[in-house]
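Trainee:
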Amino acid sequence: MTKQMNIGLLGFGTVGTGVLQIIQDHQDKLAHQLGCGVSIKKILVNDLNKERQVKVTPEQLTLDPQEVLDNPDIDVIVEVMGGIEDARSYIRHALENGKHVITANKDLMAVHGSELLQLADKQGCDLFYEASVAGGIPILRTLVEGLASDRITKIMGIVNGTTNYILTKMTKEGRLFDEVLQEAQALGYAESDPTADVEGLDAARKISILGTLGFSMNLDLDDVSVKGITKVTTQDLNYADQLGYTMKLVGIANRSGDKVEVSVQPTLIPHEHPLASVDDEYNAVYVYGEAVGETMFYGPGAGQLPTATAIVSDLVEVLKNKRLGVNGNSVVIPQFNKKLQTDDEIFSKYFLRIHAKDVPGTFSVLTTLFDEQGVSLEKILQVPLNQGKLAEIILVTHAVTKKNYETVIEKLNDIDVVVEVKSSYRVEGEMKK
Ligand code: NAP
Ligand code: HSE
534 MTKQMNIGLL
544 GFGTVGTGVL
554 QIIQDHQDKL
564 AHQLGCGVSI
574 KKILVNDLNK
584 ERQVKVTPEQ
594 LTLDPQEVLD
604 NPDIDVIVEV
614 MGGIEDARSY
624 IRHALENGKH
634 VITANKDLMA
644 VHGSELLQLA
654 DKQGCDLFYE
664 ASVAGGIPIL
674 RTLVEGLASD
684 RITKIMGIVN
694 GTTNYILTKM
704 TKEGRLFDEV
714 LQEAQALGYA
724 ESDPTADVEG
734 LDAARKISIL
744 GTLGFSMNLD
754 LDDVSVKGIT
764 KVTTQDLNYA
774 DQLGYTMKLV
784 GIANRSGDKV
794 EVSVQPTLIP
804 HEHPLASVDD
814 EYNAVYVYGE
824 AVGETMFYGP
834 GAGQLPTATA
844 IVSDLVEVLK
854 NKRLGVNGNS
864 VVIPQFNKKL
874 QTDDEIFSKY
884 FLRIHAKDVP
894 GTFSVLTTLF
904 DEQGVSLEKI
914 LQVPLNQGKL
924 AEIILVTHAV
934 TKKNYETVIE
944 KLNDIDVVVE
954 VKSSYRVEGE
964 MKK
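Under my numbering, the first residue of the sequence shown carries the number 534, and numbering increases by one thereafter.
Set out below in structure tokens:
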């Protein structure tokens with residue numbers, strides 16, 4: 534039996550440092566589980582002189598990717614450098630050299646996952662990426678293995694810690710978006726450029742990975758309709774609360790028959806739904822399976838040690854496969870061809886806030902417009918504004934097609950009694966498909 538497994542790290546920042554720390558701290562457990570020791574042989578970095586949080590020898594660090602990727606003593610490559618092009622070419626190089634790969638890189642896997650998994654399959658190598666979605670929650674393995682016997686029809690994920698932190702502080706403490714974003718950056722939850730967090734792109738990458746695995750269908754990032762949280766106001770959050778909802782940025786993947794819909798948007802969730810109580814930087818993934826019913830997986834979605842835990846778990850899997858001689862068998866080619874729902878097949882409820890003239894007949898004009906598009910209303914709230922000259926009207930619809938709802942919004946913008954459509958959000962968590 535091999536007495537030592539050598540790992541090559543690409544990147545030694547927040548996550549890379551955590552990986553080294555967990556491997557050092559858990560040597561006995563790893564040796565017990567795997568029957569061999571595990572050591573970090575080489576680490577690719579940008580800057581050899583940078584001060585590091587944990588002790589490494591100068592020989593372990595390198596600026597030359599080939600010293601890691603072509604090193605015959607290295608069995609497994611762990612990519613934790615981030616970015617797309619370099620990471621993609623290094624992972625390809627590693628797989629072509631017959632090395633197993635673990636990555637935390639959701640940006641890369643959301644765009645090039647299918648290509649890299651096919652290469653891993655061809656090379657008989659493992660390629661695992663548990664850390665790429667919801668950090669410390671083992672959700673990818675849960676979808677692929679734990680729920681393998683079921684048919685999953687719905688996944689709803691709070692999969693971005695930064696936006697969940699911002700929405701929680703805005704809702705519970707009435708604080709302003711910009712101020713809380715800065716705090717999330719200082720706490721290390723946000724990406725270096727937080728645009729991907731607040732505009733929903735980070736969550737879109739993660740829900741496309743979850744949907745691909747959950748529905749066994751190759752979903753691309755372009756298939757995800759994306760809306761971020763930058764336009765959410767405290768008024769929206771307060772009205773949502775009054776009507777019984779909590780706002781969360783939710784990645785939604787729905788399957789109906791053989792067609793799917795994938796989206797990310799600020800979403801109103803009923804207070805009593807388990808996702809509504811997922812606060813601060815925490816993540817949670819709600820999965821509905823036809824046989825199992827409702828399940829939810831909760832935990833830290835980012836951070837040094839939670840993310841590193843997922844990587845080291847992947848490492849244990851690779852090394853166990855190695856002992857059993859079954860590496861490369863884990864790549865599951867999607868069972869189904871992609872079929873996306875059209876806008877007249879996507880059903881949802883919506884929250885709508887408008888400013889309208891407070892004059893006789895306003896409601897009649899509005900209800901006629903809703904009737905014409907087959908949109909019926911479940912909840913209505915009206916608040917006088919500007920000494921009674923304006924009415925703030927907040928509505929929650931019953932389930933309606935996306936197409937009809939968007940027609941209503943277009944027409945509302947054109948009618949005289951409506952001064953402004955202030956906001957509109959999807960409402961989820963009441964219908965199980
Ligand atoms: P990070 O702190 O910025 O660290 C990146 C590391 O990679 C640094 O050590 C840097 O070297 C090195 N590096 C970057 N580009 C390089 C290049 N072209 N050549 C050589 N070295 C390079 O990033 P991180 O937060 O650890 O994130 C790493 C990955 O994990 C990303 O894909 C991220 O999306 C993913 N992830 C992170 C978290 C989290 O909580 N941080 C959670 C889930 C997933 P220097 O140290 O010399 O600058
Ligand atoms: N910026 C990401 C987040 C980090 O806030 O969830 C984890 O992927």
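Note that CB positions come from ideal geometry on N, CA and C, so glycine has one too.
Grab me the residues of Lys739's own chain with a C-beta within less than 8 Å of its C-beta, minus the 5 sequence neighbours each way, in chain order.
Mentor: Against the sequence shown, residue 739 aligns to sequence position 206. Excluding positions up to five away in sequence, the list reads Lys639, Ala643, Ser665, Val666, Ala667, Gly690, Val692, Asn693, Gly784.
Trainee: If Glu794 sits next to Gln874, beta carbons under 8 Å apart, how far is it from one beta carbon to the other, in whole angstroms?
Mentor: As a position in the sequence shown, residue 794 is number 261, starting the count at 1. As a position in the sequence shown, residue 874 is number 341, starting the count at 1. Indeed, because the Cβ distance is near 4 Å, the residues count as touching under 8 Å.
Trainee: For Leu899, count neighbouring Cβ atoms within 10 angstroms of its own Cβ and tell me buried if that reaches 16, exposed if not.
Mentor: Taking the first residue of the sequence shown as position 1, residue 899 is located at position 366. Buried, by the Cβ-count rule.
Trainee: When burial is assigned at 16 or more other CB atoms within 10 Å of the CB, is Glu648 buried or exposed?
Mentor: Sequence index remark: in the sequence shown, residue 648 carries index 115 (1-based). The residue is exposed, with fewer than 16 neighbouring Cβ atoms inside 10 Å.
Trainee: Are the CB atoms of Ile576 and Gln593 nearer to each other than 7 Å?
Mentor: Taking the first residue of the sequence shown as position 1, residue 576 is located at position 43. Taking the first residue of the sequence shown as position 1, residue 593 is located at position 60. Cβ atoms of Ile576 and Gln593: closer than 7 Å.
Trainee: To which residues does DSSP link Arg886 through a beta bridge?
Mentor: In the sequence shown, counting from the first residue as 1, residue 886 sits at position 353. DSSP, once it has assigned bridges, lists Ile927, Ser956 as partnering Arg886.
Trainee: Measuring CA to CA, which of Tyr623, Gly822, Leu914, Asp847 is closest to Asn771?
Mentor: One-based indexing of the sequence shown puts residue 771 at position 238. For Asn771, the nearest C-alpha among the options comes from Leu914.
Trainee: Which runs of the beta strand (DSSP E) at least 3 residues long sit entirely within the region 826 to 895? Give them in chain order.
Mentor: If we require 3 residues or more, the beta strand (DSSP E) runs fully inside the region 826 to 895 come out as 826 to 833, 880 to 890.
Trainee: Take Ile926 as the anchor and find which of Gly546, Thr895, Val908 has the nearest alpha-carbon.
Mentor: Translated into positions along the sequence shown, residue 926 becomes position 393. Checking every option, the nearest Cα to that of Ile926 belongs to Thr895.
Trainee: Within this structure, are the beta carbons of Ile802 and Thr779 separated by less than 7 Å?
Mentor: Mapped onto the sequence shown, residue 802 falls at position 269. Mapped onto the sequence shown, residue 779 falls at position 246. Yes.
Trainee: Any chance the CB of Asp683 is under 6 Å from a heavy atom of ligand 3?
Mentor: Ligand 3 is absent from the structure shown, which contains only ligand 1 and ligand 2.
Trainee: Hey, would you say the C-beta of Leu577 is under 6 Å away from at least one heavy atom of ligand 1?
Mentor: Position 44 of the sequence shown, counting from 1, holds the residue named residue 577. Under cutoff, so the answer is yes.
Trainee: Do Val845 and Asp659 come within 7 Å of each other at the CB atom, strictly closer than that value?
Mentor: Translated into the one-based positions of the sequence shown, residue 659 becomes position 126. Translated into the one-based positions of the sequence shown, residue 845 becomes position 312. Contact: no.
Trainee: For ligand 1, is there any heavy atom lying closer than 6 Å to the beta carbon of Asp580?
Mentor: If you number the sequence shown from 1, residue 580 lands on position 47. Checking the Cβ of Asp580 against ligand 1 gives yes.
Trainee: Please classify Asn697 as buried or exposed, where buried requires at least 16 neighbouring CB atoms within 10 angstroms.
Mentor: To locate residue 697, count along the sequence shown from 1; it is residue 164. Classification for Asn697: buried.
Trainee: Whole angstroms is fine: what's the gap from Ile573's alpha carbon to Gly541's?
Mentor: Indexing the sequence shown from 1 puts residue 573 at position 40. Indexing the sequence shown from 1 puts residue 541 at position 8. Going from the Cα of Ile573 to the Cα of Gly541 covers about 6 Å.
Trainee: Going by the DSSP bridge assignment, what does Phe661 pair with across the sheet?
Mentor: Taking the first residue of the sequence shown as position 1, residue 661 is located at position 128. Answer is Ile635, bridged to Phe661.
Trainee: Closer than 8 Å by C-beta to Leu650: which residues in its own chain qualify, once you throw out the five before and the five after it? Chain order, please.
Mentor: Taking the first residue of the sequence shown as 1, we reach residue 650 at position 117. Answer for Leu650: Leu660, Val864, listed in chain order.
Trainee: Nearer than 6 Å: is that true of the beta carbon of Asn638 relative to any heavy atom of ligand 1?
Mentor: As a first step, residue 638 is located in the sequence shown; it is residue number 105 there, counting from the start. Yes; taking the cut-off as 6 Å, the Cβ of Asn638 has a heavy atom of ligand 1 nearer than that.
Trainee: For a minimum of 4 consecutive residues, which ranges assigned as the alpha helix (DSSP H) are wholly contained in the region 706 to 788?
Mentor: As far as the region 706 to 788 is concerned, its whole alpha helix (DSSP H) runs of at least 4 residues are 710 to 719, 728 to 731, 734 to 748, 767 to 775.
Trainee: Could you tell me which residues DSSP puts in a beta bridge with Met689?
Mentor: Numbered from 1 along the sequence shown, position 156 holds the residue referred to as residue 689. DSSP output for Met689 lists Ile785, Tyr819 as bridge partner(s).
Trainee: Rounded C-beta distance between Val759 and Ala737? I'm assuming under 8 Å.
Mentor: In the sequence shown, the residue the question calls residue 759 occupies position 226. In the sequence shown, the residue the question calls residue 737 occupies position 204. 5 Å between Cβ atoms; contact.
Trainee: Take the Cβ of Ile556 as the centre, count every other Cβ of all protein chains shown within 10 Å, and call the residue buried at 16 or more, exposed below.
Mentor: As a first step, residue 556 must be located in the sequence shown, where it is residue number 23. With 16 or more other Cβ atoms within 10 Å, it is buried.
Trainee: Taking the CB atoms as reference points, tell me whether Ser749 and Phe869 lie closer together than 7 Å.
Mentor: Against the sequence shown, residue 749 aligns to sequence position 216. Against the sequence shown, residue 869 aligns to sequence position 336. Yes.
Trainee: Should the region 821 to 838 be regarded as contacting the region 622 to 632, the criterion being three or more beta carbon pairs within less than 8 Å?
Mentor: Contact fails: fewer than three Cβ-Cβ distances are below 8 Å.
Trainee: Rank Phe903, Arg621, Asp876 by C-alpha distance to the C-alpha of Thr934 and give the top, closest one.
Mentor: Your numbering for residue 934 matches position 401 in the sequence shown. With distances taken between Cα atoms, Thr934 lies closest to Asp876.
Trainee: Hey, Met829 and Pro799: beta-carbon distance below 7 Å or not?
Mentor: Position 296 of the sequence shown, counting from 1, holds the residue named residue 829. Position 266 of the sequence shown, counting from 1, holds the residue named residue 799. No, they are not a contact pair.
Trainee: Going by C-alpha to C-alpha distance, which of Val859, Ala932, Asp949 sits closest to Glu961?
Mentor: As a first step, residue 961 must be located in the sequence shown, where it is residue number 428. For the residues Val859, Ala932, Asp949, the minimum Cα distance to Glu961 belongs to Ala932.
Trainee: Roughly how many whole angstroms lie between the Cα atoms of Leu902 and Asp735?
Mentor: Against the sequence shown, residue 902 aligns to sequence position 369. Against the sequence shown, residue 735 aligns to sequence position 202. For Leu902 and Asp735, the distance between alpha carbons rounds to 36 Å.
Trainee: Based on the DSSP output, what are the partners of Lys575 in its beta bridges?
Mentor: Here residue 575 is taken as the residue at index 42 of the sequence shown, counted from 1. Answer by DSSP bridge pairing, in chain order: Gly541.
Trainee: Answer yes or no: do Tyr831 and Ala809 have a C-beta to C-beta separation smaller than 7 Å?
Mentor: One-based indexing of the sequence shown puts residue 831 at position 298. One-based indexing of the sequence shown puts residue 809 at position 276. Their beta carbons are not under 7 Å apart, which means Tyr831 does not touch Ala809 by this criterion.
Trainee: Quick check on Pro893: buried or exposed, where buried means 16 or more other Cβ atoms within 10 Å of its Cβ?
Mentor: The count along the sequence shown starts at 1 and reaches residue 893 at position 360. Pro893 comes out exposed.
Trainee: With a threshold of 16 other CB atoms inside 10 Å of the CB of Lys936, please say whether the residue is buried or exposed.
Mentor: On the sequence shown, position 403 is the one that residue 936 refers to. With fewer than 16 Cβ atoms within 10 Å of its Cβ, Lys936 is classed as exposed.
Trainee: Measure from the alpha carbon of Thr663 to the alpha carbon of each residue in Asp769, Leu652, Glu678, Gly546, then state which is nearest.
Mentor: Locating residue 663 in the sequence shown gives position 130, where the first residue counts as 1. The sequence shown places Glu at residue 663, not Thr. Of Asp769, Leu652, Glu678, Gly546, the residue nearest in Cα terms is Glu678.
Trainee: Label Leu709 either buried or exposed according to how many other C-beta atoms from any shown protein chain fall within 10 Å of its C-beta, with 16 as the threshold for buried.
Mentor: Within the sequence shown, the letter at position 176 stands for residue 709. It is exposed - the Cβ of Leu709 has fewer than 16 other Cβ atoms within 10 Å.
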